[in-house]
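Engineer: Each residue of the sequence shown is one higher than the one before, counting from 71 in the working numbering.
For every residue, glycine included, the Cβ atom is placed at its ideal position computed from N, Cα and C.
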Amino acid sequence: MHTTLRCVHTSNVVRLGGPSTPTKLISRCTPYQRQSPPSSSPSRQRSIPHNTLLLRVRHFHLASLKNIFRQKDAESSDMSDTQEEVAKAAILEKVMKGRQLTDLMLRCTILDHAGNIKSISGQFKRSDLCNEHRLNPRDLRKIDSRIPNLVPTILIRKGAVLINILHIRALVKADTVVLFDSYGSNDSRLHSVFLYHLEHNLKARGSGAPYEFRAIESILLSVLSALEAEMVFIRNLVGGLLAELEDDINHDKFKRLLHYSRRLAAFKNRAKLVQEALEEVLEQDDDLDAMYLTDKKNGVPRDMHEHEELEVLLEFFSKQVEEIANEAENIEVDSNFCAQFFAETHRPEQANVQSTQEIVELILDSNRNALLALDLKVSIATMGIGTGALIAGLFGMNLKSHMEDMPYAFMAMSAFSSAVALLVAWTGLRRLAQIRKVGLSNPKRVQDLKVRPRIPLPLRRRSSNGWS
């Protein structure tokens, strides 16, 4: 600490000597202490290294960045939670919209006892329909559902039969048929044909069958026609694809085969469900007896086991549906055989085309084969170039070939080397293309198929010696 003097000028005037003495200002200096600057000696001050300072700055920046990222993560989590809540609210609103009071109204087409159409796509309340036809509200649950029903049902109620099979949703009574319009149905043409046939069949009273039997016959006939039409369409698709696979196999065709296989499996499932619905009714004598609506209405006494007419009708359609399901299963077996052949050729553990995972593996194998083929093509081209270079290397040796003095020797040997290289590469690529061409048949049969016309349907031909 250094002691210095600080002068403070005072306002006191001191006269020295006397009045005549000149006046002088006296400055009074007072001592004060001033803090000395820090000593530069190493004993009193420790200097911070530059590297340590940089590390501290870096740690500070890292800590600030972590705080920023934590804030962003918190904001993103809040945003994700908000988006999730918005999505849930949208789904709930959509569900609530789908269950508004409009569900209490049903669109129906009504045919009277004479087969005439009384109302086309009329709006009726569920409560009115239940009261008029003496039904429970739960009986109309599947009829008015906006979701397509995959399980066919035939419900027998007192004085009515509720049928829900494929595109038909109907209420059959002793003198009335009520057809419920399906929401979002794309089978307008099929529905029109069914309505025309139903109207014509109900007017034909000369057959002797009761009113409800004629209506049920028209309904089942329309269902059978729809199944047969879809069966023929799928059979044509699968048959044409299998005929193409006899000559060439690639992953694009197997994608189509996967799509057709799924469609065929869904169709077979629908056909079996229709058959099960018919078989379930045939097994219940009470239901068969309750389906004689005209006799019940007129009070005709009946024995519970006297239902041969209805049983024959239902068994006929049940057998027809069973044949369609068996035919679909046979086509599925043919498509599975084709897929198994390809799987055994490329990878033994793949045994079924119906699995998406296995199809993806087949596609990946096909892509791998394409990459290997590209590698082989490059190798074949390299071999051709190497063959030409070999000829040039022979003339590069320091040996006399007696062709040094020939004026056209260079051009001739260059052309010869290039021709040999191109010939080797072309031969190798052609052989590779022949090896890559895979078919279900042997090469001799493939040549025969190219000569004779291709008939995709039927899938297999039968001669006197057996299947060909």
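Quick check on the DSSP output: the beta strand (DSSP E) that includes S191 runs from which residue to which?
Structural biologist: Within the sequence shown, the letter at position 121 stands for residue 191. 187-195 is the extent of the beta strand (DSSP E) around S191.
Engineer: Where do the N-terminal and C-terminal ends of the alpha helix (DSSP H) with F480 fall, by residue?
Structural biologist: Start at 1 with the first residue of the sequence shown, and residue 480 comes out as number 410. Unbroken alpha helix (DSSP H) run through F480: 479-506.
Engineer: Give the straight-line distance between the Cα atoms of N50 and G310, rounded to the nearest whole angstrom.
Structural biologist: Because the chain is modelled from 71 through 538, residue 50 falls outside the range shown and cannot be assessed.
Engineer: If you reduce the DSSP assignment to three classes, tell me which class F238 lands in.
Structural biologist: Taking the sequence shown and counting its residues from 1, one reaches residue 238 at position 168. The amino acid at residue 238 is misidentified as Phe; the sequence shows Ile. Three-state result, I238: strand.
Engineer: Can you have a look at S449 and say buried or exposed, based on whether 16 or more other CB atoms are within 10 angstroms of its CB?
Structural biologist: Along the sequence shown, read from residue 1 onward, the residue named residue 449 stands at position 379. Its Cβ having fewer than 16 others within 10 Å, S449 is exposed.
Engineer: Return helix, strand or coil for M175, following the three-state DSSP convention.
Structural biologist: Residue 175 sits at position 105 when you count from the first residue of the sequence shown. M175: strand per DSSP, three-state reduction.
Engineer: Kindly give me the distance between the Cβ atoms of Q345 and V391, rounded to whole angstroms, as I take these residues to be in contact under 8 Å.
Structural biologist: For this step, residue 345 is matched to residue 275 along the sequence shown. For this step, residue 391 is matched to residue 321 along the sequence shown. Confirmed, about 5 Å.
Engineer: Under 8 Å: do the stretch 372-392 and the stretch 346-357 share three or more Cβ pairs, one atom per stretch?
Structural biologist: With the cut-off at 8 Å, the stretch 372-392 and the stretch 346-357 touch.
Engineer: Closest to L265 by CA distance: which of L492, S191, I394 is it?
Structural biologist: Residue mapping note: residue 265 aligns to position 195 of the sequence shown, counting from 1. Nearest C-alpha to L265: S191.
Engineer: Contact defined as beta carbons within less than 8 Å: I believe A495 pairs with A451. What is the distance between those atoms, to the nearest angstrom?
Structural biologist: The sequence position of residue 495 within the sequence shown is 425, counting from 1. The sequence position of residue 451 within the sequence shown is 381, counting from 1. Contact holds; Cβ gap of about 5 Å.
Engineer: In the structure shown, what three-state DSSP assignment does G244 receive?
Structural biologist: As a working mapping, residue 244 is identified with position 174 in the sequence shown. Per the sequence presented here, residue 244 reads as Ala, with Gly not at that position. If DSSP states are grouped into helix, strand and coil, A244 belongs with coil.
Engineer: For the stretch 269-344, list the beta strand (DSSP E) runs that are entirely contained and at least 3 residues long, ordered along the chain.
Structural biologist: You should have found no qualifying run.
Engineer: Around the Cβ of L434, are there at least 16 other Cβ atoms within 10 angstroms (buried) or fewer (exposed)?
Structural biologist: Here residue 434 is taken as the residue at index 364 of the sequence shown, counted from 1. When all chains shown are included, L434 counts as exposed.
Engineer: Can you tell me the Cα-Cα spacing of R284 and L272, whole angstroms?
Structural biologist: As a position in the sequence shown, residue 284 is number 214, starting the count at 1. As a position in the sequence shown, residue 272 is number 202, starting the count at 1. Spanning the two alpha carbons is a distance of roughly 6 Å.
Engineer: Give the DSSP-derived three-state secondary structure of V231 in the structure shown.
Structural biologist: What you label residue 231 is simply residue 161 of the sequence shown in a count that begins at 1. Three-state DSSP puts V231 in a strand.
Engineer: Using a Cβ-Cβ cutoff of less than 6 Å, which residues in the same chain neighbour D365 once the five nearest sequence positions on both sides are dropped?
Structural biologist: If you number the sequence shown from 1, residue 365 lands on position 295. Excluding sequence neighbours, D365 sits near R372.
Engineer: Is the distance from the Cβ of V490 to the Cβ of I461 below 8 Å?
Structural biologist: As a first step, residue 490 must be located in the sequence shown, where it is residue number 420. As a first step, residue 461 must be located in the sequence shown, where it is residue number 391. For V490 and I461, yes; Cβs fall inside 8 Å.
Engineer: Whose C-beta lies closer than 8 Å to the C-beta of E399 among residues of the same chain, with five residues either side of it excluded?
Structural biologist: The residue given as residue 399 occupies position 329 in the sequence shown. Result list for E399: K338, in chain order.
Engineer: So for I213, helix, strand or coil by DSSP?
Structural biologist: Translated into the one-based positions of the sequence shown, residue 213 becomes position 143. Three-state result, I213: coil.
Engineer: Spell out whether any CB of chain B is found under 8 Å from the CB atom of R208.
Structural biologist: The structure shown has no chain B; it contains just one protein chain.
Engineer: Would you please state the rounded distance, in angstroms, between the beta carbons of I233 and I289? I believe it to be under 8 Å.
Structural biologist: Residue mapping note: residue 233 aligns to position 163 of the sequence shown, counting from 1. Residue mapping note: residue 289 aligns to position 219 of the sequence shown, counting from 1. Indeed, because the Cβ distance is near 6 Å, the residues count as touching under 8 Å.
Engineer: By Cβ distance, which residues of its chain are closer than 7 Å to L176, with the 5 residues on each side in sequence left out?
Structural biologist: The residue given as residue 176 occupies position 106 in the sequence shown. The answer, listed in chain order, is F194, R196, L199, D214, F250.
Engineer: Does the stretch 316-326 come into contact with the stretch 353-363, if we say contact requires no fewer than three beta-carbon pairs (one atom in each stretch) closer than 8 Å?
Structural biologist: Cβ pair count under 8 Å is below three, so no.
Engineer: Distance check for K243 and D182, CA to CA, integer angstroms please.
Structural biologist: Translated into positions along the sequence shown, residue 182 becomes position 112. Translated into positions along the sequence shown, residue 243 becomes position 173. If I take the Cα positions, the gap works out to 10 Å.
Engineer: For F250, which three-state DSSP category applies?
Structural biologist: What you label residue 250 is simply residue 180 of the sequence shown in a count that begins at 1. F250 falls in the strand class under three-state DSSP.
Engineer: To the nearest angstrom, report how far apart F303 and H261 are at their CA atoms.
Structural biologist: The sequence position of residue 303 within the sequence shown is 233, counting from 1. The sequence position of residue 261 within the sequence shown is 191, counting from 1. Their Cα atoms are separated by approximately 19 Å.
Engineer: For D355, report the span of its alpha helix (DSSP H) as first-last.
Structural biologist: Counted from its first residue, the sequence shown places residue 355 at position 285. Unbroken alpha helix (DSSP H) run through D355: 355-360.
Engineer: Can the beta-carbon of M476 be found less than 8 Å from the beta-carbon of F465?
Structural biologist: Locating residue 476 in the sequence shown gives position 406, where the first residue counts as 1. Locating residue 465 in the sequence shown gives position 395, where the first residue counts as 1. No, the Cβ-Cβ distance between M476 and F465 is not below 8 Å.
Engineer: Tell me the residue span of the alpha helix (DSSP H) that contains L469.
Structural biologist: Indexing the sequence shown from 1 puts residue 469 at position 399. Note, L469: premise wrong, no alpha helix (DSSP H); not H, not E.
Engineer: Tell me which residues share the same chain as E298 and place their Cβ nearer than 7 Å to its Cβ, disregarding the 5 neighbours each side in the sequence.
Structural biologist: Within the sequence shown, residue 298 is the residue found at index 228, counting from 1. I394.
Engineer: Whole angstroms is fine: what's the gap from K367's alpha carbon to G229's?
Structural biologist: As a working mapping, residue 367 is identified with position 297 in the sequence shown. As a working mapping, residue 229 is identified with position 159 in the sequence shown. K367 and G229: Cα-Cα distance of roughly 8 Å.
Engineer: Exposed or buried, M45, counting other C-beta atoms within 10 Å across all chains shown (16 or more means buried)?
Structural biologist: Look at the range of the chain in this structure, 71 to 538, and you will see that residue 45 is not part of it.
Engineer: In the DSSP output, which residue or residues are listed as bridge partners for T364?
Structural biologist: Taking the sequence shown and counting its residues from 1, one reaches residue 364 at position 294. DSSP, once it has assigned bridges, lists no residue as partnering T364.
Engineer: Taking only three categories from DSSP, how would you classify L220?
Structural biologist: Mapped onto the sequence shown, residue 220 falls at position 150. Residue state, collapsed to three classes: coil.
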